[in-house]
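Everything on this sheet refers to the single structure shown next.
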Amino acid sequence: MKIMLTGGRGMLGRTLTSVLKTSHEVLVTDYPEADITDYFSISSAIRRCTPDVVIHCAAKTAVDLCETEQVSAYTLNAYGSANVAKACFENDVRLIAISTDYVFDGNNPIPRKESDPATGGNTVYGKSKFLGEQLIMNLCPTALICRVAWLYGNGGPSFVHTILKLADGSRPQLKVVSDQIGNPTSCLAVAKHMRIILEHPELCGICHLTCEGETSWFEFAKEICRLNNINQEIIPCTTAEFPRPAPRPAYSCLDNEVLRLNDLPPMPHWQKALENFFIRGSIW
Numbered sequence: 002m003k004i005m006l007t008g009g010r011g012m013l014g015r016t017l018t019s020v021l022k023t024s025h026e027v028l029v030t031d032y033p034e035a036d037i038t039d040y041f042s043i044s045s046a047i048r049r050c051t052p053d054v055v056i057h058c059a060a061k062t063a064v065d066l067c068e069t070e071q072v073s074a075y076t077l078n079a080y081g082s083a084n085v086a087k088a089c090f091e092n093d094v095r096l097i098a099i100s101t102d103y104v105f106d107g108n109n110p111i112p113r114k115e116s117d118p119a120t121g122g123n124t125v126y127g128k129s130k131f132l133g134e135q136l137i138m139n140l141c142p143t144a145l146i147c148r149v150a151w152l153y154g155n156g157g158p159s160f161v162h163t164i165l166k167l168a169d170g171s172r173p174q175l176k177v178v179s180d181q182i183g184n185p186t187s188c189l190a191v192a193k194h195m196r197i198i199l200e201h202p203e204l205c206g207i208c209h210l211t212c213e214g215e216t217s218w219f220e221f222a223k224e225i226c227r228l229n230n231i232n233q234e235i236i237p238c239t240t241a242e243f244p245r246p247a248p249r250p251a252y253s254c255l256d257n258e259v260l261r262l263n264d265l266p267p268m269p270h271w272q273k274a275l276e277n278f279f280i281r282g283s284i285w
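Everything in the sequence shown is counted per the numbering used here, starting at 2 for the first residue and increasing by one.
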């Protein structure tokens, strides 16, 4: 199978390439050779590459930066996704697009299923990604949108890399937010499940791909240090103590119901996936 990646040089794109190239032909594209904000650029790239599947990873993912660079956020996350969807539909190419837990507002302390209504949440990032989801489904009804959350992978940037840098022995204590709950998700786990999804062309609509189990950033940080034998004191704090330009959802857990309904293997538990991430090494 020939697979084309948009945003192929990003953290998830790099992991997808590493995993999928063992059994498929992977064509890595990114700006400027495939500019998703230019329909003719992305359409020409698809016609030139002739892929069977496009995995659309390209996005503006800096959540706080999206608040101040709103035009860029919507141009990339919404209208760029629309260009990819239109080009895939017109060229009869299967589209798998990556989205986010931020499409929910995080106010309901129940894991959100794919069938739960999303609104775009309370951030420009979430709203732009949600509009991108809507445009994708309108322009390419056979597309599959895979939502991920709290993502980390080789090379970063990610929360895992931040904690490892901060826990270098130069600080007596680290304060980490304990009142935000989510599903830490390994790029490697997503990539391995993507191999399964590629074998199911009938899947369309929305599919959640987050690691099982839930935790806080505080507990996540403690587990990162424990697995690396780092003796760093970590103390909990509230979101209010660390205000950010973009409000973070208090509870952003996703329920992978579509995997269960289609009798597909579950995603690994977040602790097991994190342990496997460190065992593999070369995280930088």
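We put the CB at the ideal spot given by N, CA and C, even for glycine.
Rounded distance between the beta-carbons of residue j and residue i, thought under 8 Å
i	j	result
asparagine 84	isoleucine 37	6 Å
tyrosine 40	alanine 88	7 Å
leucine 263	leucine 204	The residue asked about is misnamed: residue 263 is asparagine in this sequence, not leucine. Going by Cβ atoms, the distance from asparagine 263 to leucine 204 rounds to 7 Å, so yes, they are a contact pair.
arginine 148	histidine 201	At roughly 17 Å, the Cβ-Cβ gap does not stay under 8 Å, so arginine 148 and histidine 201 are not in contact.
proline 235	leucine 175	Note that residue 235 is isoleucine in the sequence shown, not proline. Correct: roughly 5 Å between the Cβ atoms.
valine 27	isoleucine 4	5 Å
Per-residue burial, residue i [other beta carbons within 10 Å of its own, 16 or more giving buried]
i	result
isoleucine 280	exposed
aspartate 102	buried
alanine 192	buried
proline 266	exposed
phenylalanine 243	exposed
serine 129	buried
threonine 1	Outside the displayed span of the chain (2 to 285) sits residue 1, for which this structure offers no information.
serine 253	buried
glutamine 233	buried
threonine 124	buried
proline 142	exposed
lysine 61	buried
isoleucine 207	buried
lysine 166	exposed
From the options, residue whose alpha carbon lies closest to that of residue i
i	options	result
serine 42	Thr7, Lys114, Leu21 and Ile225	Thr7
methionine 2	Leu66, Met195 and Leu175	Met195
isoleucine 225	Lys130, Ala59, Glu134 and Thr163	Thr163
cysteine 229	Glu34, Tyr153, Phe278 and Ser24	The sequence shown places asparagine at residue 229, rather than the cysteine named in the question. Of Glu34, Tyr153, Phe278 and Ser24, the residue nearest in Cα terms is Phe278.
valine 64	Cys141, Leu136, Ile97 and Ala150	Ala150
leucine 260	Leu132, Ser116 and Gln233	Ser116
methionine 16	Pro237, Glu220 and Tyr153	Contrary to the premise, residue 16 reads as threonine rather than methionine in this sequence. The candidate whose alpha carbon is nearest that of threonine 16 is Tyr153.
alanine 274	Asn155, Glu203, Asn92 and His57	Asn155
arginine 172	Ser19, Ile231 and Asn92	Ile231
glycine 121	Arg249, Gln272, His270 and Trp271	Arg249
phenylalanine 90	Lys166, Asn139, Arg10 and Ala251	Asn139
tryptophan 218	Ser179, Leu199, Ile207 and Ile4	Ser179
glycine 133	Ala98, Leu167 and Val72	Ala98
alanine 59	Met12, Val104, Cys67 and Gln135	Met12
tryptophan 271	Asp31, Ile284, Ile198 and Gly183	Gly183
proline 246	Pro33, Leu66 and His25	Leu66
alanine 144	Phe160, Pro118 and Ser100	Ser100
glycine 14	Met268, Asn92, Glu213 and Pro158	Pro158
valine 161	Ile284, Arg49 and Val94	Ile284
Are three or more beta carbon pairs between the stretch 179-194 and the stretch 78-95 nearer than 8 Å? no
Just checking, does the stretch 104-115 make contact with the stretch 51-63 on the three C-beta pairs under 8 Å criterion? no
Which full runs of the alpha helix (DSSP H) of 4+ residues lie inside the stretch 30-73, going along the chain? 40-50 and 64-69
List in chain order: all unbroken beta strand (DSSP E) runs of 3+ residues lying wholly within the stretch 78-131. 95-101
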